[in-house]
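Comments concern the structure below.
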Amino acid sequence: MSWGIELWDQYENLSIHTNKGIEFLDKYGNFIRDRLAIESEYAAKLRRLVKNYQPKKKEEEDNEFSSWQAFRNVLKEIGDLAGQREVVAESLQLQIIQAVTLLSKTLREERKKCLNDGTTLQQNLNYQLGALERAKRNYEKAYRDSEKAIESYKKADMDFNLSRAEVERHKNVMTQKIQQSDDAKNEYANQLQKTNNLQQQHYNVMLPAVFNRLQELDEKRTRGIREFIVGAAKVESEVAPIIAICMQGIVKAGESINEKEDSFKVIERYQSGFTPPIDIPFEDLSKQDHDTSQDSHYSNMQSNHLTMKGTMSANKLKKRVGIFNIFGSNKNSLTADGQKEDFSDLPPNQRRKKLQAKIAELQQKISQETAARDGLMKMKVVYEANSSLGNPMTVEGQLNESEHKLEKLKIDLKKYQGYLEKANQVPMANNSPQANRNTFQNGHRTSRHSNGSTEDNNDEGDDQPDDAGSLSSSSASPESGLGTSHTSLPGSGQGSANENAIGEDAYFETEIEALQPLGTCRALYPFEATSEGSIPMNEGEELQVIEIDQGDGWTRVRRMNGSNGWDEGFVPTSYIECTFFKTLQEKKSTSVVQKAIASSKLVGNETDDIKIIYSKEWCKSE
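When the letters of the sequence shown are read in order and numbered with the numbering used here, they come out as residues 21 to 642.
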């Protein structure tokens, strides 16, 4: 069926219909745009949701539980689902929106052209009809004039009163009018023939062609809408399998949750390794003297407050502060997460796990740094062999920096290995809160030291609190300020630190005599103090040496400060160049100093001060 034949007289209605069809196409395009915006917004909100519920850094330790791992997998699948919604939005934009826009523009242009052609044809037909009407009116007027002229001639011919010339004049007028009527008749006939031909051509050929073009245009628009609807469904169908896989992943994540496994991990995380406390013995006050009774009361009070992280009274745990607040044990220095550096505030099992994890982390960093250093050394060799490839001196600075990093990592590794070794040596029972109680054996009080040994205190006034041994153990720490140094001068605080501690929260304040300097040193490299007991220094800074390296890679120095008197702390031995006073050999005969002097390099006049540059080999030997 053709619009040109069936709707030959519906020009106006076809014009309105085609315009409505194109407007409907634009409406469908707006629908797809709104849906695209919804898809994009949905995907963005899903991604924002996933981001907001990602586990925080402080929650990383909880990721070992199956429920947390399942939730992370769910977030991952939701993120993938958001990605598929973004794919849908992008495909709708590229495949549907652009095609609808292009088709709508093309249809409007073609419709406008068709309507212009139809208007031109109609104008031509109307013009021809106007010419026919004018020719008909002229013919009618000429015919009436000729009839009047004939009638006038007949009357003049019958009137004998008129002259021959007057009758001849009427005859000439009649003849003229008849000729004009015939000419008008011929013109009318000619215009009628043209009009009929044009009208037949208009309604049978030209206008149907225009209507058929409008029909093709409308069918093209209808066919386009069908393709767009199917295409939008295909876009959705293409991502449906991936979305189904995401749903399967979510189901799999949910099924992976194991409540028994999570319960076991809770035990593994929080198990302290302590044994339950034994029964509290009965204390017969009538069989004890007054001092012993006070000791017993103090012991019970101490045992009630001693705690470990994770117990019910953990909120009462307070940080012990060393004398001067800078010479305390590095065991009291806190990490970024608020724990002690050696994790001594954790139960034994948890402490071992933390130390093992820290050692593994340091070993991995050492391996990476070693590989980087080896690569730099190979690069330096290549540059030295072929200077056109690069300057070897540019690698020298990087090599030095790598060496310093590697040396610091090795020092930290050795330190944490020492922590782990000590943690493994402490018996489980002696590390429990019950073992922290001061018990009486044969009427005498025994105190537990950091090495796990007990000391029978028979002398009065010599009682020590249980946890005072933590200070005595700090002498092995490279950053400790209360160590028992064999090279310090008398009165430098050497000996057991138990004499300077009491209780859990306080120390006896003792008057500390300032250490005499053993020499001076100059900082070869800048150093930033990262833990308690150490002090920062700038490159080229001059400091006083008050305690030499004990083999742990740290030297105790003093910086004179006009406002506060002085600052003391530890710095890496490899970062400084030391110059000891000449009396050092006379006053100190320990094996450590002898090794230092034997392995040192003498600079300048040997009769003057002895300048010792510590090397890495000497630190390792110690």
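Backbone N, C-alpha and C define an ideal beta-carbon position, used for all residues, glycine too.
A quick note: this is a predicted structure, and the numbers were derived from the prediction, not measured.
With residue i as the anchor, note down where its beta strand (DSSP E) starts and where it stops.
i, result
"Gln-564", "562–567"
"Ile-596", "596–600"
"Asp-587", "585–592"
"Trp-574", "574–581"
Return the first residue and the last residue of the alpha helix (DSSP H) that residue i is part of.
i, result
"Asp-238", "227–275"
"Pro-218", "Correcting the residue identity first, residue 218 is Leu in this sequence and not Pro. Taken as a continuous stretch (DSSP letters only), the alpha helix (DSSP H) holding Leu-218 covers 184–221."
"Gly-293", "Note, Gly-293: premise wrong, no alpha helix (DSSP H); not H, not E."
"Glu-416", "412–445"
"Ala-87", "Ala is not the amino acid found at residue 87; the sequence shown has Ser there. 86–111 is the span of the alpha helix (DSSP H), which, as asked, contains Ser-87."
Going by DSSP in three states, residue i sits in which element: helix, strand or coil?
i, result
"Phe-547", "strand"
"Met-557", "strand"
"Lys-76", "coil"
"Trp-23", "helix"
"Thr-126", "helix"
"Gly-395", "helix"
"Thr-540", "strand"
Please report the distance separating the alpha-carbon of residue i from that of residue j.
i, j, result
"Asp-432", "Ala-380", "12 Å"
"Leu-563", "Ile-386", "30 Å"
"Asp-365", "Leu-544", "36 Å"
"Phe-601", "Thr-550", "30 Å"
"Gln-291", "Lys-373", "11 Å"
"Ala-455", "Asp-100", "Confidence is the limiting factor: at Ala-455 the pLDDT is only 39, short of 50, which leaves the residue's position unreliable, though a coordinate-based value still follows. Taking the straight line joining both Cα atoms gives about 55 Å."
"Met-226", "Leu-141", "7 Å"
"Asp-238", "Lys-133", "14 Å"
"Thr-126", "Gln-220", "32 Å"
"Val-108", "Ser-60", "9 Å"
"Gln-376", "Asn-411", "42 Å"
"Ser-22", "Phe-231", "8 Å"
"Lys-608", "Cys-541", "Note on Lys-608: pLDDT 44, under 50, position unreliable in the model; the coordinate value appears next. Taking the straight line from one Cα to the other gives about 18 Å."
"Tyr-527", "Asp-304", "Residue placement at Tyr-527 cannot be trusted, given a pLDDT of 38 that sits under 50; what the coordinates show is reported in the next sentence. Each residue's alpha carbon lies about 31 Å from the other."
"Cys-598", "Glu-416", "24 Å"
"Tyr-318", "Asn-444", "Per-residue confidence for Tyr-318 stands at a pLDDT of 41, beneath the threshold of 50, marking its modelled position as unreliable; the derived number appears in the next sentence. Taking the straight line from one Cα to the other gives about 30 Å."
"Asn-158", "Arg-184", "32 Å"
"Ile-25", "Lys-175", "58 Å"
"Leu-337", "Ala-260", "Low confidence applies to Leu-337: its pLDDT is 36, below 50, so where it sits in the model is not reliable enough to give any reading."
"Asn-245", "Glu-236", "Correcting the residue type first, residue 245 is Ile in the shown sequence and not Asn. Approximately 14 Å, taken between the alpha carbons."
"Pro-537", "Phe-590", "14 Å"
"Arg-189", "Tyr-147", "40 Å"
Where does residue i land, buried or exposed, given buried means 16+ other C-beta within 10 angstroms?
i, result
"Thr-38", "buried"
"Asp-394", "exposed"
"Thr-593", "buried"
"Asp-29", "exposed"
"Leu-112", "buried"
"Met-413", "exposed"
"Pro-228", "buried"
"Val-286", "exposed"
"Val-94", "buried"
"Glu-43", "exposed"
"Gly-573", "buried"
"Tyr-73", "exposed"
"Thr-139", "exposed"
"Ser-257", "exposed"
"Arg-154", "exposed"
"Ser-323", "At Ser-323, the pLDDT of 42 sits below 50, so the modelled position is not reliable and the matter cannot be decided from this model."
"Lys-378", "buried"
Using CA atoms only, rank isn't needed, just tell me which of the options is closest to residue i.
i, options, result
"Arg-164", "Leu-149, Asp-179, Asp-202 and Glu-186", "Asp-202"
"Val-193", "Leu-182, Leu-218, Glu-167 and Asn-210", "Glu-167"
"Leu-426", "Gly-410, Cys-266, Lys-442 and Thr-390", "Thr-390"
"Ile-116", "Arg-233, Val-250 and Thr-599", "Val-250"
"Glu-441", "Leu-56, Glu-186, Arg-105 and Asp-362", "Asp-362"
"Leu-535", "Met-580, Tyr-439, Ser-407 and Leu-69", "Met-580"
"Arg-578", "Asn-369, Gly-553, Ser-257 and Asp-572", "Gly-553"
"Phe-284", "Tyr-595, Pro-556, Ile-36 and Glu-84", "Glu-84"
"Phe-294", "Lys-272, Lys-280, Arg-576 and Pro-367", "Pro-367"
"Tyr-223", "Ile-566, Leu-145 and Leu-45", "Leu-145"
"Tyr-173", "Gly-150, Lys-197 and Glu-110", "Lys-197"
"Arg-241", "Gly-150, Ser-124, Lys-254 and Pro-297", "Ser-124"
"Ile-262", "Asn-50, Met-399, Trp-586 and Arg-105", "Arg-105"
"Asp-282", "Tyr-31, Glu-81 and Ala-392", "Glu-81"
"Arg-371", "Asn-406, Tyr-436 and Gln-200", "Tyr-436"
"Gly-560", "Gly-539, Ile-596 and Gly-571", "Ile-596"
Answer yes or no: the CB of residue i versus the heavy atoms of the ligand MG, is any distance below 6 Å?
i, result
"Glu-441", "Absence of the ligand MG from the depicted structure is noted, as is the absence of any ligand whatsoever, leaving it without description."
Would you say residue i lies against chain D (beta-carbon separation less than 7 Å)?
i, result
"Gln-388", "The structure shown contains no chain D; it is built from a single protein chain."
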